[in-house]
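Written below as structure tokens is the structure these notes are about.
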Amino acid sequence: MNNSTSIAKTSRSASRLRLAVILGSLAAFGPLSMDMYLPALPALAAELGSATSVTQLSLTACLLGLALGQLLAGPLSDVRGRRIPLIIGVALYAIVSLLCVFSPNIWVFIGLRFIQGLAGAAGIVISRASVRDLYSGVELTKFFALLMLVNGAAPILAPIIGAEVLEFTSWRGVFSLLSIIGVLMLLAVLFGMKETLPAERRSSGGMRHTLTTFRRLTRDSMFIGYALTQGFVMAAMFAYISGSPFVLQELFGVSPRMFSLIFGINGAGIIAASQIAGRLAGRVHERKLLGSGLMMSSAGGALLLLAAALQAGLYIVIPAFFLVVSSVGLIATTTTSLALQSQGQSAGSASALLGMLSFIIGGAAAPLVGIGDNQNAWPLAIVMSALVGAAVLCFFFVARTKKQAEASPHPR
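Just so you know, we're using this note's numbering here: the sequence shown kicks off at 22 and counts up by one.
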């Protein structure tokens with residue numbers, strides 16, 4: 022009996038880990054699409070004859086595609102189930118990534134990047150919704166932390182892989198690799214992921230029902246508060262993603278390989294912070310963990326402003342980046358869990374709105390860091406610190422209007 026129980030437990034653990042790997046990899050479409058070609062941004066701008074700010078629009082286009090795509094895929098998955106919309110999205114991602122390789126100019130490239138983001142959004146939004154289908158309460162937070170363990174590897178590996186690819190090919194080779202990754206993920210979904218939303222739990226109704234659901238979510242002050250808190254912090258990271266290649270490589274003279282190493286260290290910080298959140302879940306309320314993450318992010322924003330004011334070197338800039346980026350592990354894990362706790366019947370739509378805000382705000386902020394032709398770090402420092410400040414205000418607004426949440430038992 023004990024042996025049978027042990028085997029069953031091992032089997033469940035293996036199944037849980039396999040699901041985490043698949044869902045975490047799907048959620049990584051965002052960082053893969055943005056981070057892998059970061060070391061090539063200056064070279065891409067030169068080859069296609071575009072200015073820094075125009076080249077950064079390719080990041081904005083991808084972010085907007087990721088935002089709008091979630092609005093389509095999330096509600097659709099509530100009605101049709103998770104698997105079919107996911108298969109369509111991943112297949113389209115693989116095709117469009119390959120088309121990016123043959124972009125003749127920057128504007129075609131920007132257009133394809135928008136479609137690439139639109140397709141990749143299905144993996145991001147449906148992976149979160151699938152987790153909510155299966156877990157709730159403390160287990161939901163712990164699984165999101167496990168997801169971040171997999172997903173957090175993407176910011177580490179993507180720029181490193183991109184830099185290595187650039188050693189023997191151009192940025193076009195990076196998008197060839199993204200197409201291959203899309204094909205591999207399609208196979209993983211087809212053969213390794215079952216439907217997580219049974220027919221009897223699916224939403225009924227068409228566009229009117231979807232709009233009603235979104236209207237209800239936007240009137241839920243707790244949900245919107247957590248969503249905006251996450252959105253502004255994620256936007257600060259997107260600003261870092263957009264501006265750091267130029268600031269570090271052109272202003273401080275960092276090589277593409279060294280840039281990828283710095284980027285990877287920050288990604289490791291995300292993983293470490295998310296695992297702390299997972300370990301403490303159930304013992305420390307998620308709101309307290311979220312507050313700690315915001316304090317960490319605020320310290321990084323302040324340090325970055327100080328570095329810009331003093332025209333300091335990398336010894337201040339790199340720790341500042343690390344604090345802001347690493348805090349995402351704590352903040353994203355806790356805000357996602359807290360925001361989705363009470364959204365079991367509309368997890369896809371809630372996940373879509375949660376993700377959309379991050380990418381919309383990030384897409385608007387990304388081009389701002391290109392102002393000033395990279396002569397100093399002020400634009401990036403101001404944008405990142407302002408976004409972090411906005412996140413802190415959103416969190417304390419929720420805390421002030423919903424004080425009972427902190428005193429209440431852990432949500433189930």
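Don't be surprised by glycine CBs; every beta carbon is placed ideally from N, CA and C. Quantities reported herein were computed from a predicted structural model and do not represent experimental measurements.
Counting of Cβ neighbours within 10 angstroms places S242 among the exposed residues, the total staying below 16. Rounded to whole angstroms, the Cβ separation of L85 and G384 is 5 Å, and the two are in contact under 8 Å. In terms of CA proximity to A341, A329 leads the group A329, P219, G350, L351. Note that the C-beta distance between I245 and I283 is not below 8 Å. P180 and S225 have their C-alpha atoms roughly 42 Å apart. The DSSP-derived three-state label of V305 is strand. Non-local C-beta neighbours of A140 in its own chain, meaning closer than 7 Å and more than five positions away in sequence, comprise G90, G110, L113, Y114, V117, ordered along the chain.
Counting C-beta pairs closer than 8 Å gives fewer than three between the region 66-75 and the region 194-202, which falls short of the contact rule. L62 and P266 have their C-alpha atoms some 7 Å from each other. Taking one beta carbon from each stretch, the region 253-273 and the region 124-132 have fewer than 3 pairs nearer than 8 Å; the two do not touch. In the same chain as V409, and ignoring 5 residues on each side of it, the C-beta atoms closer than 6 Å to its own belong to A257, S318, S319, G322, in chain order. In the three-state scheme derived from DSSP, where H, G and I count as helix and E and B as strand, P96 is classed as helix.
Around the beta carbon of R304, a 10 Å sphere encloses fewer than 16 other beta carbons of the protein chains shown; the residue is thus reported as exposed. Nearest to I105 by alpha-carbon distance, out of I136, I147, L87, is I147. For Q364, there is no enclosing alpha helix (DSSP H), as DSSP gives it neither H nor E.
In this structure, G194 sits away from M57, with a CB-CB distance that is not shorter than 8 Å. Contact check for S281 against P52 fails: the beta carbons are separated by 8 Å or more. At a Cβ-Cβ threshold of 8 Å, V390 and V404 count as neighbours.
Just so you know, the alpha carbons of Y247 and I381 end up roughly 16 Å apart. For L119, the closest of I202, E68, A333, F164 by C-alpha to C-alpha distance is I202. Cβ-Cβ distances below 6 Å link F343 to N287, G290 in the same chain, with the five nearest sequence neighbours on each side left out; the list follows chain order.
Annotation: P277 to Q270 spans about 7 Å, alpha carbon to alpha carbon. One thing to note: A150 has its Cβ no nearer than 8 Å to the Cβ of S379.
Burial check for Q332: the Cβ neighbour count within 10 Å stays below 16, so the residue is exposed.
At the C-beta level, C121 and L133 come within 8 Å of one another.
Restricting attention to V275, G274, F416, T234, the CA atom closest to the CA of M316 is found in F416.
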